Each structure stands twice: as structure tokens, then as C-alpha cells.
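What follows is a short report on a single structure.
Number of protein chains: 2
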Amino acid sequence: MNSTKTFNVSCQQCGLNELCIPHTLTSGEMDEVNHVIKRGKPLQRSDYLFNEGDEFKSLFAVRSGSIKSFSIDDEGNEQVIGFYLPGEILGMDAIDSQSHTTSARAMETSSVCEIPFESIESLSSSIRNLQLHMYKLLSREIHFDQELQMLLAKKTAEERIGAFLMNLSMRYEQRKLSSTRFRLPMARADIANYLGLAVETVSRIFTRLQTANVLKVEGKEIEILSRKSLCDISHLKEPE
Amino acid sequence: MNSTKTFNVSCQQCGLNELCIPHTLTSGEMDEVNHVIKRGKPLQRSDYLFNEGDEFKSLFAVRSGSIKSFSIDDEGNEQVIGFYLPGEILGMDAIDSQSHTTSARAMETSSVCEIPFESIESLSSSIRNLQLHMYKLLSREIHFDQELQMLLAKKTAEERIGAFLMNLSMRYEQRKLSSTRFRLPMARADIANYLGLAVETVSRIFTRLQTANVLKVEGKEIEILSRKSLCDISHLKEPE
DNA sequence: CGATTTGTTGATCTTACTCAATAATCGTGG
DNA sequence: CCACGATTATTGAGTAAGATCAACAAATCG
Chain W
1 MNSTKTFNVS CQQCGLNELC IPHTLTSGEM DEVNHVIKRG KPLQRSDYLF
51 NEGDEFKSLF AVRSGSIKSF SIDDEGNEQV IGFYLPGEIL GMDAIDSQSH
101 TTSARAMETS SVCEIPFESI ESLSSSIRNL QLHMYKLLSR EIHFDQELQM
151 LLAKKTAEER IGAFLMNLSM RYEQRKLSST RFRLPMARAD IANYLGLAVE
201 TVSRIFTRLQ TANVLKVEGK EIEILSRKSL CDISHLKEPE
Chain Z
1 MNSTKTFNVS CQQCGLNELC IPHTLTSGEM DEVNHVIKRG KPLQRSDYLF
51 NEGDEFKSLF AVRSGSIKSF SIDDEGNEQV IGFYLPGEIL GMDAIDSQSH
101 TTSARAMETS SVCEIPFESI ESLSSSIRNL QLHMYKLLSR EIHFDQELQM
151 LLAKKTAEER IGAFLMNLSM RYEQRKLSST RFRLPMARAD IANYLGLAVE
201 TVSRIFTRLQ TANVLKVEGK EIEILSRKSL CDISHLKEPE
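Below, the structure written as C-alpha cells:
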């Protein structure tokens, strides 16, 4: 019998909510997938997971903690490309060139699973649903990046920060964590960098939103007091 | 004998430089791929290829002309997401949600090939190199979007336009067209929108670059007089 | 050919950046 | 556990890059 129970357990263990496909893989197939995943890889704050230019061999799935990816331009400035929370996968931008186009480091004590790409390749050609899942993962990332593109091209500082917080909120919610109270794993400077703003602007808007009773900010601890206001501010339709 | 000749011919015919994999597919495999591709689909300027919200069934490869993709925000403003030239593929953002997240319309008389995604799915699970090719295509798009993200987050108006023109130049070069003289298929307003600038700014910078003898601009006809200067301006390392 | 859209140029305004000073927090070693 | 320096965050004042508004010119199209 192809119960999905085994799967669910494995999935919880390695945190691969995103990579696993609960309802379409048989437990046997799930075992195969689990088999190629290298667990462990504990990282301390500021440890590198990989470096720009490193040979691409594996995707990484965040199990706990959080990772940021970034690249360094010719003038030596850092550009934050993305933040990865538990259950999220990074490294997908490197499949094409076979070398990492960004560096990745832990923003706090974290652990990740390593998923050798060759294994994914061979498994996904025999497990049709895994192949589709990979296509979807990659596609989702494209869509996510395009949303960000719109944010950066058109939105004001306040809208960017509002949308950023709403996005984090929804991602925490998906991971069954509180969507209204959470700790920002990244520094203000990283948020600013990611959103194309100055640190001072981020700081000012945080206090402004606090004064307007939309947020409660205590250092990195955030409480969203009014989801509705936050959505209004960022001109997003409120999620159900 | 698995000559790649058949392939090359087919490829020229449908313009699928990107989708096809000359050196790794046998001519038999190539035939299979060719078989599922629907040719034709001629589009007049401003014709829609698909609409935001449409069900996702196929990827599209541009054969000739050029397509822009965009989405409309809640206030009814258009946000240009991307421009697609011959040989480029669009629709990949829709695989995950199975519905198009952007609309696409022809910027000039164009023709595209339609590639049913279900066919890609089944072919790519039997043709291993096609699967890898698809992963790479999706990955390339992610990387491209991340470069754009950096552009929008960190660069000045002049750098954005410089990088945009260099990018077009390189894409034309890849397609064996002139990398120094070409016609911009899109309106100034589209460029501005895409790069997160006002039309007026784009216009001003075009004239500024013309005055500095970096460009020759005659409406939509562009001549890059100095690739070096253009790279310097956009803080890019000059491609060989 | 006139009408409409698209592009250019100028003047003014605004948002968010920069610079600067201070405050809070973090991390480390005594 | 506290004290120290270092990093990170906040707040204020002045500035600049690019937006907006407005007028005009040029191209496109029926």
C-alpha cells in the first residue's frame, strides 16, 4: 500500500516541505528521494554555504535558520538577492551555468540539506511527478523574482517594506508559524539592500508604521498589528 | 547515423535556437521534439499571445518579431516584465500556478511556435538531455531576473539604460545579428516602464549618450558607437 | 492629409539618499 | 555577570536624482 505516511515523516525530518510532493509520490519513490538527500550541514552565523564562482553540484534546502544569497559587484558592493527560510530551496540560478552566480551565508545558526543535482536529474527522469515538481519549483522562483521586479521598478519605499513584511508573514504562515509575530532574521542593512533602499529609510519607515499602529517593532521582533493596513499601504489585496 | 543535420534545419525553421540542443539530441529525438511543436501563430502588432489569468498549456518560442510580457496592477498600471526576441521562450513563470501570471503581446508583426507543456513533460522524461535543457532554460531565466533585480535595486538611470542596451546588443549578437546597429522593437515608454524610470528620463539619457558620442539614436534605430563607453557607463565588464 | 500617438526638452517639485550625530544592541573576554 | 568596543539602528538636516507637469515636435496611421 502506498501510504503517504512515510513521506510525511521524512519530510518533517528534513524540512523539505517544498521539495517533497506529499500526494503524488509513493512511499517507495519518497524513499528514493530521501536516499539521495544529504542531511546535516550545520552552519554558524556568517558561515558560507557556497561562494560566487563555486562549481554547482547541489541544490540546498533550508532545514532551520535562514540563509541569504548575494553577489558582489565590481565596486565591491554587496547586492542581496534573496532570503531563504526553512523549507525553501536555493541554488537554482546555478543550474544553467554550472557555477554559483551568488554567494550564500547563514544569517543565524542554520542547517541545510544538500541535494545533489545529478541525483535529482536521474530520479526526476524516472519519477514523473518529481520532474513536474522540479519544473514547478523553478517556475515559482521565476514568478517570485518577477513580483520583486515589479516592486523595485514601481513601488515607493513604504510599499516595498509593506510588501516585504507581508511576504515574510505569508511565508511564515505557510510554515505553520505565526504570521503576525516573528523575528526578522536579517539586519536592517540587508532589508534595505534587498529592497533597493537606504538603511535610514527602512528605519524611518519602521518607526512610521509603528507610530501609525500598523506594526510593533522591537529590534528584530516584529508584530503586525493590522494586516489590513499593511496590505493597504503596500497596495496588495489582503490574503484570506 | 545520428547526424545533427536534420536538427539544424528544423531549428532554423522554427527559430528554436534555445529550445533545441544541437549537440546532444539525436536526429530521431529531434524529430520527436519537432513533432510536438506547433508552428505558425502569426501575430500582428498589439495582438495578444495570452492574457493574465489564462490557463497555462504551452510555452511559446519567438520565431520572428518580438513580444513583451507585462502585468496590470490593482490601479490599472502596466508593469513590463520582459521583452522576448527571436529564439527566446516565454511562459515559464506560469508552470507552477498553471495559469499565466502575465499577459503577452506582440510589439510588431511576429510569429511564435507553441510548445505544449504536457508534451515537453513527457518527452523530457524519456529524453534525458531535453530534461536537463529544460532545467537550464528555467535556471537561466532565474539568473536573468536576478541580474535585473540588481539593476533595479542599485543602479542609476544611466547605468540601467546602458546595461539594457548592452543586454540587447548581446542578445542580437547571439542571434547572429548586428550587435552595434539594431532597431528597438519597443517604445520608449516600455523601456522606461521595464527599467523603473520615467519616459522623460529615458529620452534625456538617450540624447545625453548621443551627445557623448556613445550612441547614435534615430527614433528606434540605435547604433552603438562605443561599446567600451557603454560598458563603462553601466559599470559592466566588457564582453569579448 | 489631419488626427493621434510617441518622443523630446524645459522648469519645478518630491522622494529618498547622504552625511552626521547619537542610541541601542551584540559579542567577547575578564 | 558586567564592561568594553564594535557593530547595528535611529533620528535629524540638507541635497540630489529622477519624477511630474507642461509645452512642443516628430513620427505613425488610417
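Chains as they are written, first to last, in the working numbering: chain W, 1 to 240; chain Z, 1 to 240.
By construction, the Cβ of each residue, glycine as well, lies at the ideal position given by its N, Cα and C atoms.
Values in this document were obtained by computation on a predicted structure and should not be read as measured data.
- Sequence-distant partners of Z:E159 (beyond 5 residues in either direction) whose C-beta falls short of 8 Å from its own C-beta, in its chain, are L151, I233, S234 and H235.
- Of the other Cβ atoms in all chains shown, 16 or more fall within 10 Å of the Cβ of W:M166; this residue is therefore buried.
- Beta-bridge partners assigned by DSSP to W:A104: W:F50 and W:S69.
- Interface with chain W (7 Å Cβ-Cβ cutoff): Z:G196 is included.
- If you compare the alpha carbons of Z:D190, Z:A198 and Z:N213 with that of Z:K220, the shortest gap goes to Z:D190.
- Interface annotation, Z:L168: not in contact with chain W, CB-CB separation never under 7 Å.
- Contact of Z:H100 with chain W is not assigned, every C-beta pair being separated by 7 Å or more.
- At a Cβ-Cβ threshold of 7 Å, Z:N129 and Z:L25 count as neighbours.
- Secondary structure in the stretch 113–196 of chain Z: the alpha helix (DSSP H) runs of 4 residues or longer, each lying completely within the stretch, are 117–126, 128–154, 157–174 and 188–195 in chain order.
- Close CB contacts of Z:E173 within its chain, under the 8 Å cut and outside five residues either way in sequence, are with S179 (chain order).
- For Z:A61, the three-state secondary structure derived from DSSP is strand.
- Contact check for W:E141 against Z:I142 passes: the beta carbons are separated by less than 7 Å.
- Where W:F206 is concerned, the enclosing alpha helix (DSSP H) starts and stops at V199 to T211.
- Fewer than three Cβ pairs drawn from the stretch 61–79 of chain W and the stretch 116–128 of chain W lie within less than 8 Å of each other, which leaves the two stretches out of contact.
- Sequence-distant partners of W:Q131 (beyond 5 residues in either direction) whose C-beta falls short of 8 Å from its own C-beta, in its chain, are S124 and S125.
- Beta-carbon to beta-carbon, Z:A94 and Z:I67 are separated by about 14 Å, too far to satisfy the 8 Å threshold.
- Think of a sphere of 9 Å around the beta carbon of W:H235: the chain Z residues whose beta carbon falls inside it are D73, D74 and E75, in chain order.
- Look at Z:E78 here: in three-state DSSP terms it is strand.
- Counting C-beta pairs closer than 8 Å gives fewer than three between the stretch 52–70 of chain W and the stretch 105–121 of chain Z, which falls short of the contact rule.
- Secondary structure note for Z:E238: it is in no alpha helix (DSSP H), with a DSSP letter that is neither H nor E.
- Think of a sphere of 8 Å around the beta carbon of Z:A153: the chain W residues whose beta carbon falls inside it are Q79, L152, N193, Y194, L195 and G196, in chain order.
- Cβ contact annotation for W:A157 (same chain, cutoff 7 Å, sequence separation greater than five): L197, T201 and I205, in chain order.
- For the pair W:G162 and W:L59, the CB atoms are not nearer than the 7 Å cut-off.
- Any Cβ of chain W closer than 7 Å to the Cβ of Z:M186 would place that residue at the interface, and such an atom is absent.
- Contact between Z:D54 and Z:H100 holds, since their C-beta atoms are separated by about 5 Å, short of 8 Å.
- According to DSSP, residue pairing for Z:V217 in a beta bridge involves Z:I222.
- Taking the C-beta atoms as reference points, W:D47 is found no nearer than 7 Å to Z:S139.
- Following the DSSP letters along the chain, one finds Z:D31 inside the alpha helix (DSSP H) bounded by residues S27 to V36.
- Taking all protein chains shown into account, Z:E223 has fewer than 16 neighbouring C-beta atoms within 10 Å of its C-beta and is therefore exposed.
- In the assembly as shown, W:E238 is an exposed residue. Its beta-carbon has fewer than 16 other beta-carbons within 10 Å.
- Spatial neighbours of W:R208 in its own chain (CB-CB distance under 8 Å, excluding positions within 5 residues in sequence) are listed in chain order as E158.
- With a beta-carbon spacing of about 19 Å, W:R181 and W:G87 fall beyond the 8 Å limit used to define contacts.
- Taking W:E52 as reference, the option from W:R45, W:I37 and W:S71 with the minimal CA-CA separation is W:S71.
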